[in-house]
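Start counting at 1 in the sequence shown, then tack on 86, and there's your number in this note's numbering.
Every residue gets a Cβ at the ideal spot worked out from N, C-alpha and C, and that includes glycine.
Keep in mind the model is a prediction, meaning the values are calculated, not measured.
Let me begin by presenting the structure, written as structure tokens, before commenting on it.
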Amino acid sequence: MSIAPTSPPTFLTLPHELRHLILLPTCDINAPFLPAPPIPKVYLVHYCRSKDMDRWAATLKEVSPEIGGDVDRVLGEWMRRLWARFEEWKG
87 MSIAPTSPPT
97 FLTLPHELRH
107 LILLPTCDIN
117 APFLPAPPIP
127 KVYLVHYCRS
137 KDMDRWAATL
147 KEVSPEIGGD
157 VDRVLGEWMR
167 RLWARFEEWK
177 G
């Protein structure tokens with residue numbers, strides 16, 4: 087016999103790993119900015135993107151402070167991916 091949950095699941099009741107997978111694609115580091123900008127402009131792009139990510143992370147935390155740890159984890163992954171893209175741009 088199956089026991090039905092008393093209340094529907096919420097975002098906060100999901101496992102952290104699943105929440106990370108949901109939050110990760112909410113910030114697109116590959117969104118058009120400049121196609122392979124030259125140095126030193128590439129540094130400006132990296133700086134602007136990282137600030138955008140910081141602002142988006144702060145917005146997500148304001149929506150639900152309970153997911154602050156999840157947002158920090160996802161922000162780290164966004165930054166890792168941005169750094170990899172930055173290294174590609176630098177050549």
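N-terminal and C-terminal residue of the alpha helix (DSSP H) that residue i is part of
i    : result
T108 : As written in the sequence, residue 108 is Ile, which differs from the Thr given in the question. Its alpha helix (DSSP H) spans residues 102 to 109.
A117 : Run containing A117: none; DSSP gives neither H nor E here.
S150 : It is not in any alpha helix (DSSP H) - S150 carries neither H nor E in the DSSP assignment.
Under 8 Å between C-beta atoms of residue i and residue j
i    : j    : result
V160 : L109 : yes
E152 : L107 : no
Alpha-carbon to alpha-carbon, residue j and residue i
i    : j    : result
V128 : D156 : 29 Å
G162 : E148 : 18 Å
P111 : R167 : 12 Å
T96  : E174 : 39 Å
M165 : I89  : 42 Å
Closest by C-alpha distance to residue i, when choosing among the options
i    : options                : result
S136 : H102, S93, P95, R171   : R171
R141 : P126, D158, E152, L130 : D158
I115 : H102, S93, V131        : V131
W169 : E103, C134, A144       : C134
Interface flag, residue i vs chain B, CB-CB below 8 Å
i    : result
I108 : You won't find chain B in this structure, because it holds only one protein chain.
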